[in-house]
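Protein chains in written order, with the numbering used here: chain Z, 12 to 512; chain F, 10 to 774. Each residue gets a CB set at the ideal place from its N, CA and C atoms; glycine is no exception. In this text, all values refer to a predicted model and were calculated from it rather than measured experimentally. Each remark here refers to the structure printed beneath this line.
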């Protein structure tokens, strides 16, 4: 089985990618043995992929190719155009789609305010999640969001972030001391692991704050009493957590993040803001120390827990138990048997005989129509415009007319030595002014002579009449007067009878 | 707010709302376009077509109790009924509105208002029977093959339009040839995949392929191009110009045809297109349904695949795509006639209702084209006679249940209507009287040199005069009776002896040369295939008639009354061969095309029967292959690819039809010059084909042909067209045959003043 996992971002420090990777490992631990395709490179938001993504159609092609060789498509977001392309191609190739939406993605979606976001991303998200056979969300609010998009309730599953509880596990006091030494942390006193983005100043407090940041090597500078440490990998991260005594989840931390889950798995008591998160995750209020949102509540709560060893032990046990029950990969492995379930579920058969047009053919027809339309527009506007006009519009026909403007008044007879007076006209139906060389000749039984010849300038679309007054030559009893025009090669003529001397 | 109590219902409401407006908007927009008279390319014509024809067709389609009739049958019958309704409404407005002070009842406003009122009343009257169409359309399931062949056939239509336009603009013929390739390919794919296709798709392919073939001809030229269409356009213009139709507008039989007077005027008022394009586009859109009718008839008798083969035989017959586009009155008449024939087979409908339909359709045919209605009534009468005689013998002593949609009452009533309508236009009945007189004379053995055009392809061994004999006959007919004038004319003939011009073939192509290197002469090949195909069709008709009696599977499939109809059709064609005087006014090939509506299934049965020596399975394959080969050859695709055959108008800017019938901008400019410079009462001489075209631009009398003997002591203007000026050739029509001879242009140069010259045209005085 091949599962195409598409992540919205790319990078070792990405929590989401970490989650994805862990999901992958969890999957491998399950009964299935899938091949995972980390398809984050498809996303153009990643700087490293900008170059690759420049040709949008090419990326689209890659998406289609990847989806085609996969059995299941697993998306990590629902609003990027890559996600839309994945769902489109999954629809095209009849592949089941699973979507896992992290809180980040859901919050980004909820906070969308721009017209572009509302007009494009919102409907796109709705379409994408409706197309999925299963939508996994991290919290109840996201679940409601999905339901509001019209996803069937049975398809939405509430699923927390998942962690490796074998790596993130409680340690004894001895081990904790050893870990503090190993990582240059204060051995004496209490260390409080702070889960927020910006820890509050704690210069006067009886404990030291620790903040863990993801970084590659080195140790970021500290801020006052806060010790900032950098984790280089999962095991390092676990050891830093295990070195602490307490985990603080301030109200600014948002929901129950992966960091909180890691801390709980390490058996750290949790001091948390009393907010919706507790209800959302169904946490037991007695297993946590909750504080009010206002002012000094946090400091008081931390002090109380640090002072009360019995309560701390009870809370530590609760943390570990909760992580085992809710955040364990063991559960993930079971959940991700979903892949197998989804893959083995009979998809709607592709109707090719009489049951209807297959989606592939419908889409091909649409794409062919698009190509034809684009081609036609290109033809009409591009270098082939002339050919297009030739095929679709009447082209002007360019020609010349030569005629006698008064055909009924042409001379019919002329006396000897008399003059022939008449006029001829040239109409220019070309696209540019023309210079017409005309000659007037007289012909009779005794030969032909040229009576007049010159150039006549005629503008495009114009008719010019030219009067002629020539002496009649004595060439026979019947004289033929001919007017010829070059370069068109046209001529008109009339016959005159005359008395021959 | 949760999705279940607020969000979803709101979304559902919004969804239902946004589904509605596009339809409403389109209808409103189309209505505004038509009523306001604002012309927007493509949109206004489409909206106008929906207004004038789409609405009545829709009403008939959705408010008729069709029982279990197939959808293809419902559609073609609805289209035919829609046309009749438009004719009735137009005629009623034309006759009644003058009584309420509307002097020009066929102007835009009266036509729009009267049609709208009529459609609303029709809807109101039949609203209780309405059965919505949308659920039916939604229930339609199509496979990818349906999509493929549909796209292919629509590509054929599009390419044929492009091909014709390119030729009109002086570009090459590749697109036009490609359109034929698409047509053949669409038919071939449909035949191969017929079991995976919905029957509606096959009908759609037949329609689109037929339309592509028609557009190839009809869209040639930016003006009116063709033979009969020139005069058809003239009577149409007369009706449109005075905003009123009357027998007195133009005193000839054409004017009695409502299909080329009232119908195009109504379409013109709704769509606002240029006059010629009413014929060039809209009439072809309607006539293409006749191919579907032929398919529907065949599908009642044969399997889906063989029915398609029959439809291919129908559209492959050259008259369908070379001449019918120039015979607009007959296009409508053929469609109505085909529906009359179809009624013989739709036994799902009760007989009394079929007879009502028959009366309506035959009446429509009478008002549409006099000659077609004569032939139709004749065929129906003979078929009825045979039916009565045979069934009386067979069912003696038993109670007879009426089965035929033709009753004596219908025949008599429509016959009287035909006579009454013809009496309105003296010319129509005069045509009939002249023809009947000619028949009597021919039966008495005094037919002279009369010979049906196309009779050379006949199986019947009629002795035909040669082309030179016909030309000599024509020359003799031009000599004046008076002795002195006759002597001068004979002197001209001696000075400029008329000689037939050799036929000019297309140059042999590279593929043709390769074939010739293998020992196959392409000109011989093309000629052989053509002449053989004509005879083969006749053999297959006869074989089919016999085969449907002999073969058990067809004996039960073909109802007796339809068989009699086929026999009557064969007799009608045979009569034209045996009595050529009939075909001079009608045309043998047109008669055969009309008969093919009935005979195409028998052609197919004949081909399957004769190919039965290959085995039953291969027989069907061979029949399909034969139809495709004939289509490739007769449409001109094969000659175009190989060369060595006269050029066809649909694929080249040369050839007999191009020389004769193609109206170029130069020709129109010359005609307009003549209109501006000729004095009132002057006359103009030209070849007969050109004369019809000139009549649309110049209000001058026609002085006759331009053969030199007719121009001795000549006073009128003489108009020479493309063929005379460029090729030095002229064409005359003798006994329904075109004769091309070398035209002595020097005769005019020495005896008349050349007063106008353009590269393609000259005018002498």
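Checklist entry - How is residue 92 of chain F classed by DSSP in three states: helix, strand or coil? => result By 1-based counting over the second chain, the position of residue 92 of chain F is 83. It is helical.
Checklist entry - If you draw a straight line from the alpha carbon of residue 761 of chain F to that of residue 423 of chain Z, how long is it in whole angstroms? => result The residue you call residue 761 of chain F lines up with position 752 of the second chain. The residue you call residue 423 of chain Z lines up with position 412 of the first chain. Straight-line Cα distance between these residues: approximately 11 Å.
Item to check | Same chain only: Cβ atoms within 6 Å of residue 140 of chain F, ignoring 5 sequence neighbours per side | outcome: The count along the second chain starts at 1 and reaches residue 140 of chain F at position 131. Excluding sequence neighbours, residue 140 of chain F sits near 71.
Next on the checklist: List, in chain order, every chain F residue whose beta-carbon is nearer than 7 Å to that of residue 406 of chain Z.
Outcome noted: Residue 406 of chain Z sits at position 395 when you count from the first residue of the first chain. Neighbours of residue 406 of chain Z on chain F, chain order: 178.
Checklist entry - When you check each C-beta in the region 658 to 687 of chain F against every C-beta of chain Z, which residues fall closer than 9 Å? => result Shown in chain order are the members of the region 658 to 687 of chain F whose Cβ falls below 9 Å from a Cβ of chain Z: 673, 674, 675, 678, 679, 682, 686, 687.
Checklist entry - Taking the alpha carbon of residue 247 of chain Z as the point to measure from, which residue in Z/259, Z/431, Z/277 has its own alpha carbon closest? => result The residue you call residue 247 of chain Z lines up with position 236 of the first chain. Nearest C-alpha to residue 247 of chain Z: Z/277.
Next on the checklist: On a Cα-Cα basis, can you pick out the residue from F/742, F/144, F/210 that is closest to residue 477 of chain F?
Outcome noted: Taking the second chain and counting its residues from 1, one reaches residue 477 of chain F at position 468. Measuring from the Cα of residue 477 of chain F, the nearest candidate turns out to be F/742.
Checklist entry - Between residue 501 of chain Z and residue 530 of chain F, what straight-line distance do the alpha-carbon atoms span, to the nearest angstrom? => result For this step, residue 501 of chain Z is matched to residue 490 along the first chain. For this step, residue 530 of chain F is matched to residue 521 along the second chain. For the pair residue 501 of chain Z and residue 530 of chain F, the Cα-to-Cα distance works out to about 41 Å.
Item to check | Of the listed residues Z/464, Z/491, Z/496, Z/131, nearest to residue 458 of chain Z (C-alpha basis) | outcome: Residue 458 of chain Z sits at position 447 when you count from the first residue of the first chain. Of the candidates Z/464, Z/491, Z/496, Z/131, the residue whose Cα lies closest to the Cα of residue 458 of chain Z is Z/491.
Next on the checklist: Let's test the definition: count the other Cβ atoms within 10 Å of the Cβ of residue 95 of chain F and tell me whether it reaches 16, buried, or not, exposed.
Outcome noted: On the second chain, residue 95 of chain F is found 86 positions in, with the first residue counted as 1. With 16 or more neighbouring CB atoms inside 10 Å of its own CB, residue 95 of chain F falls in the buried class.
Next on the checklist: Which residue marks the beginning of the beta strand (DSSP E) containing residue 464 of chain Z, and which one marks its end?
Outcome noted: One-based indexing of the first chain puts residue 464 of chain Z at position 453. For residue 464 of chain Z, the enclosing beta strand (DSSP E) covers residues 458 to 469.
Next on the checklist: At the level of alpha carbons, what is the spacing between residue 456 of chain Z and residue 752 of chain F?
Outcome noted: By one-based count along the first chain, residue 456 of chain Z stands at place 445. By one-based count along the second chain, residue 752 of chain F stands at place 743. Looking at the two C-alpha atoms, the distance is approximately 25 Å.
Item to check | Chain-ordered neighbours of residue 774 of chain F on chain Z, where CB pairs are closer than 7 Å | outcome: Position 765 of the second chain holds residue 774 of chain F. Using a Cβ-Cβ cut-off of 7 Å, residue 774 of chain F is close to 418 of chain Z, given in chain order.
Checklist entry - Of all the CB atoms in chain Z, is at least one closer than 8 Å to the CB of residue 156 of chain F? => result Position 147 of the second chain holds residue 156 of chain F. Answer yes: the Cβ-Cβ gap between residue 156 of chain F and chain Z drops below 8 Å somewhere.
Checklist entry - Near residue 650 of chain F, which residues of its chain fall below 8 Å by C-beta distance, leaving aside the five closest residues on each side in sequence? => result Counting from 1 along the second chain, the entry for residue 650 of chain F is found at position 641. Answer for residue 650 of chain F: 186, 518, 520, 521, listed in chain order.
Checklist entry - Do you know how far the Cα of residue 340 of chain F is from the Cα of residue 353 of chain F? => result As a working note, residue 353 of chain F is residue 344 in the second chain. As a working note, residue 340 of chain F is residue 331 in the second chain. For residue 353 of chain F and residue 340 of chain F, the distance between alpha carbons rounds to 21 Å.
Next on the checklist: Between the alpha carbons of residue 544 of chain F and residue 225 of chain F, how many angstroms are there, rounded?
Outcome noted: Reading the second chain from its first residue, position 535 is the one you call residue 544 of chain F. Reading the second chain from its first residue, position 216 is the one you call residue 225 of chain F. About 26 Å.
Item to check | Between the CA atoms of residue 447 of chain Z and residue 426 of chain Z - distance to the nearest angstrom | outcome: In the first chain, counting from the first residue as 1, residue 426 of chain Z sits at position 415. In the first chain, counting from the first residue as 1, residue 447 of chain Z sits at position 436. Those two C-alpha atoms are separated by around 31 Å.
Checklist entry - On the three-pair Cβ rule with 8 Å, is the region 708 to 725 of chain F touching the region 257 to 272 of chain F? => result At 8 Å Cβ cutoff, the stretches do not touch.
Item to check | Which of helix, strand or coil DSSP assigns to residue 182 of chain Z | outcome: Numbered from 1 along the first chain, position 171 holds the residue referred to as residue 182 of chain Z. DSSP places residue 182 of chain Z in coil when its eight states are reduced to three.
Next on the checklist: Taking the alpha carbon of residue 297 of chain F as the reference point, which residue from F/508, F/165, F/223 has its own alpha carbon closest?
Outcome noted: Along the second chain, one-based indexing puts residue 297 of chain F at 288. If we check each option's Cα against that of residue 297 of chain F, F/223 comes out closest.
Item to check | Rounded separation between residue 556 of chain F and residue 314 of chain F - CA only | outcome: For the purposes of this step, residue 556 of chain F is identified with residue 547 of the second chain, where counting begins at 1. For the purposes of this step, residue 314 of chain F is identified with residue 305 of the second chain, where counting begins at 1. Computed Cα separation, rounded: 18 Å.
Checklist entry - Of all Cβ atoms in chain Z, is any one closer than 8 Å to the Cβ of residue 86 of chain F? => result Within the second chain, numbered from 1, the residue matching residue 86 of chain F stands at position 77. With respect to chain Z, the C-beta atom of residue 86 of chain F has no partner C-beta closer than 8 Å.
Item to check | 8 Å Cβ cut-off: residues of chain Z touching residue 166 of chain F | outcome: Sequence index remark: in the second chain, residue 166 of chain F carries index 157 (1-based). Under a criterion of Cβ atoms nearer than 8 Å, no residue of chain Z is adjacent to residue 166 of chain F; the nearest Cβ is some 14 Å distant.
Checklist entry - Where residue 392 of chain F and residue 400 of chain F are concerned, what is the direct C-alpha to C-alpha distance, given to the nearest angstrom? => result Here residue 392 of chain F is taken as the residue at index 383 of the second chain, counted from 1. Here residue 400 of chain F is taken as the residue at index 391 of the second chain, counted from 1. If you draw a straight line from the Cα of residue 392 of chain F to the Cα of residue 400 of chain F, it comes to about 12 Å.
Next on the checklist: Could you compute how far the alpha carbon of residue 121 of chain F sits from the alpha carbon of residue 279 of chain F?
Outcome noted: Against the second chain, residue 121 of chain F aligns to sequence position 112. Against the second chain, residue 279 of chain F aligns to sequence position 270. Taken atom to atom, the span from the alpha-carbon of residue 121 of chain F to that of residue 279 of chain F is near 7 Å.
Checklist entry - Whose Cβ in chain F lies nearer than 9 Å to the Cβ of residue 303 of chain Z? => result For this step, residue 303 of chain Z is matched to residue 292 along the first chain. The contacting residues do not exist; residue 303 of chain Z stays about 28 Å from chain F at best.
Next on the checklist: Suppose the cutoff is 7 Å on Cβ atoms and the five residues either side in sequence are ignored; what does the same chain contact list for residue 254 of chain F look like?
Outcome noted: In the second chain, counting from the first residue as 1, residue 254 of chain F sits at position 245. Excluding sequence neighbours, residue 254 of chain F sits near 103, 115, 248, 270, 271.
Item to check | Residues within the region 462 to 477 of chain Z neighbouring chain F, beta-carbon criterion of under 8 Å | outcome: Against chain F - using a Cβ distance shorter than 8 Å - the region 462 to 477 of chain Z contributes no residues.
Item to check | Sequence-distant residues of its chain with Cβ nearer than 8 Å to residue 136 of chain Z (five each side left out) | outcome: As a working note, residue 136 of chain Z is residue 125 in the first chain. If the five residues before and after residue 136 of chain Z are omitted, its C-beta is found closer than 8 Å to the C-beta atoms of 89, 90, 120, 160, all from its own chain and listed in chain order.
Next on the checklist: At the 8 Å Cβ level, is residue 257 of chain F part of the contact set with chain Z, yes or no?
Outcome noted: Position 248 of the second chain, counted from the start, is the residue given in the question as residue 257 of chain F. Taking Cβ atoms only, chain Z never reaches closer than 8 Å to residue 257 of chain F, which makes this a no.
Checklist entry - When the distance is taken between beta carbons, is residue 609 of chain F closer than 8 Å to residue 322 of chain F? => result Translated into positions along the second chain, residue 322 of chain F becomes position 313. Translated into positions along the second chain, residue 609 of chain F becomes position 600. Taking 8 Å as the Cβ cut-off, residue 322 of chain F and residue 609 of chain F qualify as a contacting pair.
Next on the checklist: Along the region 393 to 418 of chain F, where does the CB come closer than 8 Å to a CB of chain Z? Name the residues.
Outcome noted: Of all residues in the region 393 to 418 of chain F, none has a Cβ within less than 8 Å of some Cβ in chain Z.
Item to check | Interfacial residues, the region 748 to 767 of chain F to chain Z, with Cβ spacing under 7 Å | outcome: Within the region 748 to 767 of chain F, the residues whose Cβ lies closer than 7 Å to some Cβ of chain Z are 762, 763, 764, 765, 766, 767, listed in chain order.
Checklist entry - Within 10 angstroms of its Cβ, does residue 708 of chain F collect 16 or more other Cβ (buried), or is it exposed? => result Mapped onto the second chain, residue 708 of chain F falls at position 699. By the neighbour-count rule (16 or more Cβ atoms within 10 Å), residue 708 of chain F is not buried but exposed.
Item to check | Residue environment, residue 506 of chain F, which counts as buried when at least 16 other CB atoms sit within 10 Å | outcome: In the second chain, the residue the question calls residue 506 of chain F occupies position 497. Here residue 506 of chain F is exposed. Its C-beta has fewer than 16 other C-beta atoms within 10 Å.
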